[in-house]
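Engineer: Quick one: the structure is below, and I'll ask about it shortly.
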Amino acid sequence: KAGVTQTPRYLIKTRGQQVTLSCSPISGHRSVSWYQQTPGQGLQFLFEYFSETQRNKGNFPGRFSGRQFSNSRSEMNVSTLELGDSALYLCASSLSGTQVGELFFGEGSRLTVL
Amino acid sequence: QQQVKQSPQSLIVQKGGISIINCAYENTAFDYFPWYQQFPGKGPALLIAIRPDVSEKKEGRFTISFNKSAKQFSLHIMDSQPGDSATYFCAASQGAQKLVFGQGTRLTINP
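Protein chains in written order, with our numbering: chain A, 1 to 114; chain B, 1 to 111.
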């Protein structure tokens with residue numbers, strides 16, 4: 001069974017640009033979550049989608065957005081990039097519908113903002 | 001209230017020893033407490049998890065001890081091996097697919 005796939009794995013952008021990251025969950029998983037990982041702030045929850053609906057949202061500015069498609073694949077977008085957005089962005093998928101369960105993480109997309 | 005505090009930040013243990021990592025939380029509504037293990041270049045992977053209705057859960061060499069009254073939980077790794085060298089994260093959740101993570105502990109097992 002294929003794991004969670006994130007693309008691209010690495011990317012470099014400049015301030016003010018926007019970026020779109022993609023996540024393909026494990027087959028059959030309908031919940032997709034996004035986390036930001038930085039050395040200073042650790043792992044922080046961005047948002048979670050289930051059946052194309054955003055179910056939970058973290059404390060990030062509106063520049064961070066996401067969506068989920070009917071095949072459960074998800075994208076997140078960051079607009080007007082700032083230096084502080086440099087981070088590893090992790091996608092995780094889960095079978096769980098209502099109660100929290102095991103999250104399966106991808107290897108992440110490492111974003112560098114210059 | 002949403003924070004999970006993890007200690008120590010780094011830990012060095014001799015092969016065969018016991019590794020202990022501690023976490024504390026404030027939100028009494030948290031009802032799911034997992035531990036994740038992360039190797040360099042990889043995403044975190046679930047190691048073991050506990051719900052507050054039990055005080056201890058053991059899976060192989062890994063044990064979670066949970067103290068509801070003290071709002072603390074800890075991970076014990078028995079007979080630590082060099083392959084256990086990784087970063088460990090505790091986390092907590094309140095009935096939703098939204099984990100609050102601790103800051104992480106970098107564990108090094110010396111051979």
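Note that beta-carbon positions come from the ideal geometry of N, C-alpha and C, so glycine has one too.
For the beta strand (DSSP E) that contains B/F62, what are its first and last residues?
Structural biologist: From DSSP, the beta strand (DSSP E) with B/F62 extends over 62-67.
Engineer: Rounded C-beta distance between B/T108 and B/Q38? I'm assuming under 8 Å.
Structural biologist: No, B/T108 and B/Q38 are not in contact; Cβ-Cβ is about 14 Å, not under 8 Å.
Engineer: Taking Cβ positions only, does B/V100 come closer than 9 Å to chain A?
Structural biologist: So, interface residue.
Engineer: Where does A/L83 land, buried or exposed, given buried means 16+ other C-beta within 10 angstroms?
Structural biologist: By the 10 Å Cβ count, A/L83 comes out exposed.
Engineer: DSSP on B/P34, reduced to helix/strand/coil?
Structural biologist: B/P34 falls in the strand class under three-state DSSP.
Engineer: Residues of chain A with CB closer than 7 Å to the CB of B/S93, please, in chain order.
Structural biologist: What B/S93 touches in chain A: V100.
Engineer: Kindly indicate the opening and closing residues of the beta strand (DSSP E) around A/R30.
Structural biologist: Element bounds for A/R30: n/a, residue is neither H nor E.
Engineer: What are the start and end residues of the beta strand (DSSP E) that includes B/M78?
Structural biologist: Counting along the chain, B/M78 falls outside any beta strand (DSSP E), and DSSP gives it neither H nor E.
Engineer: According to DSSP, which residues form a beta bridge with B/R106?
Structural biologist: DSSP, once it has assigned bridges, lists B/S10, B/T87 as partnering B/R106.
Engineer: Find the residues of chain A that neighbour B/P44, judging by a C-beta separation of less than 9 Å, and give them in chain order.
Structural biologist: Ordered by position in chain A, the residues that pass the 9 Å Cβ test against B/P44 are Y35, Q37, L43, L90, A92, L103, F105.
Engineer: Can you find a C-beta in chain B that's less than 9 Å from the C-beta of A/E48?
Structural biologist: A/E48 counts as touching chain B.
Engineer: Would you decide whether A/L95 is buried or exposed? Buried here means 16 or more other CB atoms lie within 10 Å of its CB.
Structural biologist: Looking at its Cβ environment, which holds fewer than 16 other Cβ atoms inside 10 Å, A/L95 is exposed.
Engineer: Give a yes or no on whether the C-beta atoms belonging to B/P44 and A/L90 are separated by under 9 Å.
Structural biologist: Cβ distance < 9 Å, so B/P44 and A/L90 count as in contact.
Engineer: Using the DSSP secondary-structure output, state which residues sit across from A/R67 in a beta bridge.
Structural biologist: A/R67 is bridged to A/E75.
Engineer: Considering only residues of the same chain and omitting the five flanking positions on each side of A/L88, which have a CB-CB separation below 6 Å?
Structural biologist: The residues are Q37, G108, R110.
Engineer: Could you tell me whether any Cβ in chain B is nearer than 9 Å to the Cβ of A/R55?
Structural biologist: Yes, A/R55 lies at the interface with chain B (some Cβ there is under 9 Å from its Cβ).
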